[in-house]
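*Asks:* Numbering (the UniProt record's numbering), first residue to last: 1 to 1229.
Here is the structure:
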């Protein structure tokens, strides 16, 4: 018999340790592990981490097997792992109703439980009696399920279980916007059951989605049906939110040792090595002690000062836990593993030696890792005075199995029994290695042969939809419908993926669906829902943004391929040429470089071999649902079968039948048919009729799926001619005078028709629609009908069915063609159109830790949004905050989308801004226009409403950017629409000082003025239009007069006049403060009882609850400042607080009780006023703002200089706090 090798003996020793500390506690029935003898429940996270060492040991035995017994041992260990993982799966499968609900609600009451009964897999505590929503625990289970499957274990047995895993991926895919309780089960660190976004949850979800994407859960024996799919856009959302959060762990925790699990083993979720290193450095410097690391600052768990009889803490109590937080050896096991993976033997040795000193040795020689080390109750004061000096005592579980398991894993790796690649078969450890440059492939498609010809004349060779057969092109919404099918399982009550938009990463792949190649156009091209895509400059801007996003976010095999259709809407008014913005972009794309990305243009067929291609096998014919059909011919009788009886119990099916029929039709229509015998006479006519019927049915199905512009996607001449519209009497182009009947003018002149009693005659008013040529007048009439009669009132203009809604929809189309943006917005508001991605735009901003407010201050009119809310609820909130002013509501939606676009591509624009106040931003934009163009407030708001989306976004970007810019009117060609245009241009720094450049500095105010055109029509019609306008004035759309914009801002030659007032107004509206401002406020609060701002007190007790680096603290300060409705006054208060914070570093114990900041500002104002009067300033120059009593001139003073605002504020602070300054001190000058 061969003697046992040295490595075999060592492995047997580890097997003994694993058996004693982990496996002997495994339940023989369920395979689950209890927390400890005192905690018999099975926690998901602890179970998964605990079994990792067993899995690692099985791999080590298989690799180093000396004898057959070793292989048997390896198999036994593997099966213990499979048993536990399947035990967790059983617990989850008993709660599938929660998985289903949570996909839609994201509510804490619908979440999977965090712990289960070890013996029965049943739940052990109520939905609302524990912090169950822990996305990281579910994600950790999925991540190790993927890694273990890739290593050869068979954990998933059936197709039903595959569907469960797919739905669990949907459960975690929106982790980047789900506030949960985190890995410590307590959410916000006050332990009061408040959920928050946690970096540890987002990172673990990202890792799990990446690991599972395209993985076959049946392993090497599986077919296409056992593949699971993740959406790349969700993964990248998680990535960008992580990047913006780290090294901060959440809103209430500025640092958390739990983040080690996502920057290193097991998740490796962060791709930027500098962020990984910064986060690790932050954890070690702020949390590490002599016995391990604290979980986070001011963590009261198991400290002597914690009251064990209370589940929660009082807010001011947190200060008591500072410097006595318990230290967890667990985190050193993560740092050992990190050292192994980054190949740093020094780090491994350092932490192994540190651990050896604190492990507890048992009689049998096994070393156990305790849960935590706590300060003894009698040594608390000593530890307060000298942190990290007293001897601590072990407490809690012995061992903490999670930590014991990672300790064993670290030893197996460090001693060479395993290589890193063996416990990371999916190669997640390489996530920080730089990726090669991405080449974005762009295929340009022409909607019609005519457009193809136009492009050919410009030297751009493209194909039409018909040319690319057999590849099919469809809009992105079809892909959303297709993905809604994924993971559907009626037997388990699972409805698949909720219908959501697919981002550019998802639409930049080829898809094989039912053995047919599909490609999808990007979502931003679809203007069915909202009007942004009607603006060609906006489309071009979005294309540039999406291409730039693709080039830095693409992580899949193969190159991304963008299918960009050129449609009729991208032509000039007379359809003789392409829109200049679109043409310029297409030419730039040909050059091979666009938006900072490398570009390759070409035909779709040329890109097949170099592109990423996904096979959506879940549509290939499952038993359930209409997707299983493979009919070559479509039978018209199916309509009845699908329409009536064929409905599952699942609520999503009706829509899916539409999709099934649509795809069936599409494939049947365009696939080459079997040759049929020649037909003649009546048969041939029937065949042609059937063909037309098929195409019309196909078009109807497309419209059921909300696919507009059907001819873009269906290669048939049938749809090439313009479709008949619901006809208002709308001119296709400015009508010639003789085209109008003589009575038209008479009817319009007569004003609003009334009946005998003097009330409005609505039927006669509806008839006016036929007679007026002006789009604005038609909109005004429809607005009256909409307000008084409702959307569904039948006007009878074109016979039965001409409802107000249908006429408005028609008018919307016409206004869209003419690019009349004011009207488009007005009608969008009436039709209650919603930006399709409004909720995801809102979630994007919230996930970047920016709160939103909508409506104008003060509260309650200004509504704050701090957590993602469903789209309908969000839209209603916007309507409410806009006080049902449809202009403001529609503009609010637009601004939210633009802010989200900016934060995705340029997050640096939003630094030190924690709350974005949409109402004030709109007000500031209108004020900018009024000031730049020298017009009244009403004209400015009208101009703002009439800007094209691209101009509006440009104006917003310049306001955010803090750079010098000027605005002036620009003259458009007469046929380009009737909206007034502006041009925005940089003015450079114009000798501005560094401090001036920090905010948005001066606007050029001597801009040339041009007469605003009233209409596209010729001058002879202007009088008639004016008459109609006067008559309708009382009934017009609500204007935005609620915005406090000066009636007339004079245009002056001195460009310096008004620049500081303007900057303060901008910075106040944007909540922009100097870097480090909130940390300084925290310091000053420690030297007084609080700061009072306009009657609202920011108490010093806040510092006992929150640390200076917490976002929660910054938001708290902002909330108090935001009580001030005037942005420029708010900014003066910020400057006053900034002067006060200089006292934080002065050696004074206290500077008073409650400091009234507004008194300091008024004191400074009085000093300023007195000095100005002494110098002979005239009364009108020193005019005071009525609401605040502050001199307008002080608002417009530079901060520095003899008469600067900071000079007077400093003097005022010195006077206000002089009683507390040490005698003879000149600290504040």
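Ideal Cβ placement from N, Cα and C applies to all residues, glycine included.
Would you decide whether residue 311 is buried or exposed? Buried here means 16 or more other CB atoms lie within 10 Å of its CB.
*Replies:* For the purposes of this step, residue 311 is taken as the residue at position 311 of the chain shown. Exposed, because fewer than 16 other Cβ atoms sit within 10 Å of the Cβ of residue 311.
*Asks:* Does the Cβ-Cβ distance between residue 572 and residue 590 come in under 7 angstroms?
*Replies:* The residue given as residue 572 occupies position 572 in the chain shown. The residue given as residue 590 occupies position 590 in the chain shown. Not in contact: residue 572 and residue 590 (Cβ atoms no closer than 7 angstroms).
*Asks:* What do you reckon, are the CB atoms on residue 417 and residue 472 nearer than 7 angstroms?
*Replies:* Counted from its first residue, the chain shown places residue 417 at position 417. Counted from its first residue, the chain shown places residue 472 at position 472. Contact flag unset, no.
*Asks:* Work out the CA separation of residue 764 and residue 793 for me, nearest whole Å.
*Replies:* As a position in the chain shown, residue 793 is number 793, starting the count at 1. As a position in the chain shown, residue 764 is number 764, starting the count at 1. Cα to Cα, residue 793 sits roughly 14 angstroms from residue 764.
*Asks:* Here's a check: name, in chain order, each residue in its chain whose Cβ is nearer than 7 angstroms to the Cβ of residue 186, leaving out the five neighbours to either side.
*Replies:* By 1-based counting over the chain shown, the position of residue 186 is 186. So the list reads 131, once near-sequence residues are dropped.
*Asks:* What is the residue span of the beta strand (DSSP E) that residue 566 lies within?
*Replies:* By 1-based counting over the chain shown, the position of residue 566 is 566. Residues 561 to 566.
*Asks:* Looking at residue 900: is its Cβ nearer than 7 angstroms to the Cβ of residue 944?
*Replies:* Walking along the chain shown from the start, residue 900 turns up at place 900. Walking along the chain shown from the start, residue 944 turns up at place 944. Going by C-beta atoms, residue 900 is not nearer than 7 angstroms to residue 944.
*Asks:* When burial is assigned at 16 or more other CB atoms within 10 Å of the CB, is residue 441 buried or exposed?
*Replies:* As a first step, residue 441 is located in the chain shown; it is residue number 441 there, counting from the start. Under this definition residue 441 is a buried residue.
*Asks:* Is residue 139 closer than 7 angstroms to residue 409 when the C-beta atoms are compared?
*Replies:* As a working note, residue 409 is residue 409 in the chain shown. As a working note, residue 139 is residue 139 in the chain shown. It is not a contact, given that the beta carbons lie outside the stated cut-off.
*Asks:* From the DSSP output, in three-state form, read off residue 1232 for me.
*Replies:* With the chain running from 1 to 1229 in the structure shown, residue 1232 is simply not present.
*Asks:* Is DSSP giving residue 664 helix, strand or coil here?
*Replies:* For the purposes of this step, residue 664 is identified with residue 664 of the chain shown, where counting begins at 1. In this structure, residue 664 counts as helix in the three-state DSSP scheme.
*Asks:* Just curious, the beta strand (DSSP E) that residue 521 is in, first and last residue?
*Replies:* As a first step, residue 521 must be located in the chain shown, where it is residue number 521. Segment 516 to 521, the beta strand (DSSP E) holding residue 521.
*Asks:* Leaving aside the five residues before and after residue 973 along the sequence, list all residues of the same chain whose C-beta is less than 7 angstroms from its C-beta, in chain order.
*Replies:* Working through the chain shown from its first residue, we reach residue 973 at position 973. For residue 973, the predicted structure reports a pLDDT of 42, less than 50, and the residue's modelled location is therefore unreliable. A value from the coordinates is still provided. Taken in chain order, the list of residues that qualify is empty.
*Asks:* Who are residue 395's beta bridge partners in DSSP?
*Replies:* Reading the chain shown from its first residue, position 395 is the one you call residue 395. Its beta-bridge partners are 372.
*Asks:* Assign residue 67 to one of two classes, buried (16 or more other C-beta atoms within 10 Å of its C-beta) or exposed (fewer than that).
*Replies:* Here residue 67 is taken as the residue at index 67 of the chain shown, counted from 1. Residue 67 should be labelled exposed.
*Asks:* From 212, 344, 1155, 200, pick the residue whose C-alpha is nearest to that of residue 1093; which is it?
*Replies:* Working through the chain shown from its first residue, we reach residue 1093 at position 1093. It is 1155 whose Cα lies nearest to the Cα of residue 1093.
*Asks:* Which whole-angstrom value describes the C-beta separation of residue 520 and residue 444, a residue pair presumed to lie in contact below a C-beta threshold of 8 angstroms?
*Replies:* For this step, residue 520 is matched to residue 520 along the chain shown. For this step, residue 444 is matched to residue 444 along the chain shown. Their Cβ separation, rounded to whole angstroms, is 15 angstroms, which puts residue 520 and residue 444 out of contact at 8 angstroms.
*Asks:* Could you name the residues of the same chain whose beta carbon sits closer than 8 angstroms to that of residue 870, not counting the 5 residues immediately before and after it, in chain order?
*Replies:* Locating residue 870 in the chain shown gives position 870, where the first residue counts as 1. If we look at residue 870 and ignore the five residues flanking it on each side, its Cβ neighbours are 839.
*Asks:* Only counting the same chain, and skipping five residues up and downstream in sequence, which positions put a Cβ closer than 7 angstroms to that of residue 617?
*Replies:* Here residue 617 refers to the residue found at position 617 when the chain shown is read from its first residue. The answer, listed in chain order, is 224, 225, 227.
*Asks:* Could you have a look at residue 218 and say whether DSSP puts it in helix, strand or coil?
*Replies:* Walking along the chain shown from the start, residue 218 turns up at place 218. Residue state, collapsed to three classes: coil.
*Asks:* Going by other Cβ atoms of all chains shown within 10 Å of its Cβ, with 16 needed for buried, is residue 1139 buried or exposed?
*Replies:* Looking up residue 1139 in the chain shown gives position 1139. The residue is buried, with at least 16 neighbouring Cβ atoms inside 10 Å.
*Asks:* Where DSSP assigns a beta bridge to residue 1099, which residues make up the other side?
*Replies:* Taking the chain shown and counting its residues from 1, one reaches residue 1099 at position 1099. Answer is 1090.
*Asks:* Please report the distance separating the alpha-carbon of residue 359 from that of residue 367.
*Replies:* In the chain shown, the residue the question calls residue 359 occupies position 359. In the chain shown, the residue the question calls residue 367 occupies position 367. Distance between the alpha carbons of residue 359 and residue 367 is about 6 angstroms.
*Asks:* Taking the CB atoms as reference points, tell me whether residue 586 and residue 460 lie closer together than 7 angstroms.
*Replies:* By one-based count along the chain shown, residue 586 stands at place 586. By one-based count along the chain shown, residue 460 stands at place 460. Yes.
*Asks:* How big is the Cα-Cα spacing for residue 1037 and residue 856?
*Replies:* One-based indexing of the chain shown puts residue 1037 at position 1037. One-based indexing of the chain shown puts residue 856 at position 856. Bear in mind that the predicted position of residue 1037 carries a pLDDT of just 47, short of 50, making it too unreliable to give a figure here.
*Asks:* Of all the options 858, 1126, 547, which has the alpha carbon lying nearest to the alpha carbon of residue 504?
*Replies:* On the chain shown, position 504 is the one that residue 504 refers to. Nearest C-alpha to residue 504: 547.
*Asks:* On the DSSP letters alone, give me the boundaries of the alpha helix (DSSP H) that residue 24 sits inside.
*Replies:* Residue mapping note: residue 24 aligns to position 24 of the chain shown, counting from 1. Neither: residue 24 is in no alpha helix (DSSP H) and is coded neither H nor E.
*Asks:* Going by DSSP, what residues sit across from residue 1191 in a beta bridge?
*Replies:* As a first step, residue 1191 must be located in the chain shown, where it is residue number 1191. DSSP output for residue 1191 lists 1184 as bridge partner(s).
*Asks:* Residues in its own chain within less than 7 angstroms of residue 163 by CB, not counting five upstream and five downstream?
*Replies:* Counting from 1 along the chain shown, the entry for residue 163 is found at position 163. Hits under 7 angstroms: 487, 489, 492, 494.
*Asks:* Grouping DSSP H, G and I as helix and E and B as strand, with all else coil, what is residue 95?
*Replies:* By one-based count along the chain shown, residue 95 stands at place 95. Coil.
*Asks:* Do residue 540 and residue 581 have their C-beta atoms closer together than 7 angstroms?
*Replies:* In the chain shown, residue 540 corresponds to position 540, counting from 1. In the chain shown, residue 581 corresponds to position 581, counting from 1. Yes; because the gap between Cβ atoms is below 7 angstroms, this pair is in contact.
*Asks:* Mind checking residue 419: buried by the 16 CB within 10 Å criterion, or exposed?
*Replies:* Position 419 of the chain shown holds residue 419. Classification of residue 419: exposed, given that the 10 Å Cβ count is below 16.
*Asks:* On the DSSP bridge list, what partners appear for residue 799?
*Replies:* If you number the chain shown from 1, residue 799 lands on position 799. For residue 799, which the question treats as bridged, DSSP gives the partners 797.
*Asks:* Taking the straight line between their C-alpha atoms, what separation do you get for residue 772 and residue 885?
*Replies:* Here residue 772 corresponds to residue number 772 of the chain shown, with the count starting at 1. Here residue 885 corresponds to residue number 885 of the chain shown, with the count starting at 1. Taking the straight line joining both Cα atoms gives about 26 angstroms.
*Asks:* Please determine, among 120, 1085, 760, 887, the residue with the shortest C-alpha to C-alpha distance to residue 827.
*Replies:* On the chain shown, position 827 is the one that residue 827 refers to. Nearest C-alpha to residue 827: 887.
*Asks:* Measuring straight from C-alpha to C-alpha, what distance separates residue 605 and residue 470?
*Replies:* Counting from one through the chain shown, the residue named residue 605 turns up at place 605. Counting from one through the chain shown, the residue named residue 470 turns up at place 470. Their Cα atoms are separated by approximately 9 angstroms.
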